[in-house]
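Student:
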Amino acid sequence: MRHNKKFNHLSRTKAHRDALLANMTIALILRKRIFTTLAKAKALRVYAEPLINRAKNDTMANRRLVFSYLQNKEAVTELFREVAQKIADRPGGYTRIIKTGNRLGDNAKTCFIELVDYNENMLKEKSAKKAPRTRRSRKSAAPVAEAPVAETPATEAAE
């Protein structure tokens, strides 16, 4: 029975899987976006988001814990300096997965995973969003033509 086993092993041993996810996390932190398969991206999100969350609180203990997972000084420095400033007010959801279709060779589902606060195109769309319009009938939207006011004889007489 598979009770309480929600973990994707990615057809790898534990050591191989940990090395794969650590390397992908390093690439994600340094490059801000990586192209991979959908299964690996979903596994990477579960692995990387708690490490990214640790960067909010810059303590020696958090740096050592993140370094024990990643084993890369440049990635840890980048995470705690650059990435931590951008995600400081975000409560979670630091990565975004966007599906890109199927790979030609083996028809595997592919996607790219990126850090949310680094996609400038998505940030522009969010800030430049139009005001919502309400639906109205065509009659009320069309301008009402006012009838020309005919001059009354009283106004002519006053002149």
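Residue numbering for the sequence shown follows the working numbering, beginning at 18 and increasing consecutively. For glycine and all other residues, C-beta sits at the position ideal for the given N, C-alpha and C.
1. How many Å lie between V30 and M139 at the Cα?
2. Put I104 into one of helix, strand or coil per three-state DSSP.
3. At which residues does the beta strand (DSSP E) containing I59 begin and terminate?
4. For N74 versus I43, is the C-beta spacing smaller than 8 Å?
5. Which word fits K57, buried or exposed, when buried means at least 16 other C-beta atoms lie within 10 angstroms of its C-beta?
6. Strictly by DSSP, which residues pair up with G109?
7. If you draw a straight line from the C-alpha of K59 to the C-alpha of R155, how long is it?
8. Hey, out of R107, R80 and S85, whose CA is closest to T94's CA?
9. Which word fits F97, buried or exposed, when buried means at least 16 other C-beta atoms lie within 10 angstroms of its C-beta?
10. How about the region 105 to 123 and the region 25 to 41: do they share at least three Cβ pairs that are nearer than 8 Å?
11. Is it buried or exposed for M77, if we count other Cβ within 10 angstroms and need 16 for buried?
12. Between which residues of its own chain and I46 is the CB-CB distance below 7 Å, once the five residues before and five after are set aside?
Tutor: Quick answer:
1. It should be pointed out that residue 30 corresponds to Thr in this sequence rather than to Val. So the alpha carbons of these two residues sit roughly 37 Å apart.
2. coil
3. This sequence places Lys at residue 59; Ile is not what is there. Where K59 is concerned, there is no enclosing beta strand (DSSP E), although the alpha helix (DSSP H) it sits in stretches over L55 to R71.
4. no
5. buried
6. Paired residue(s): none; G109 is not in a bridge.
7. 47 Å
8. R80
9. buried
10. no
11. exposed
12. A92, E95, L96 and V100
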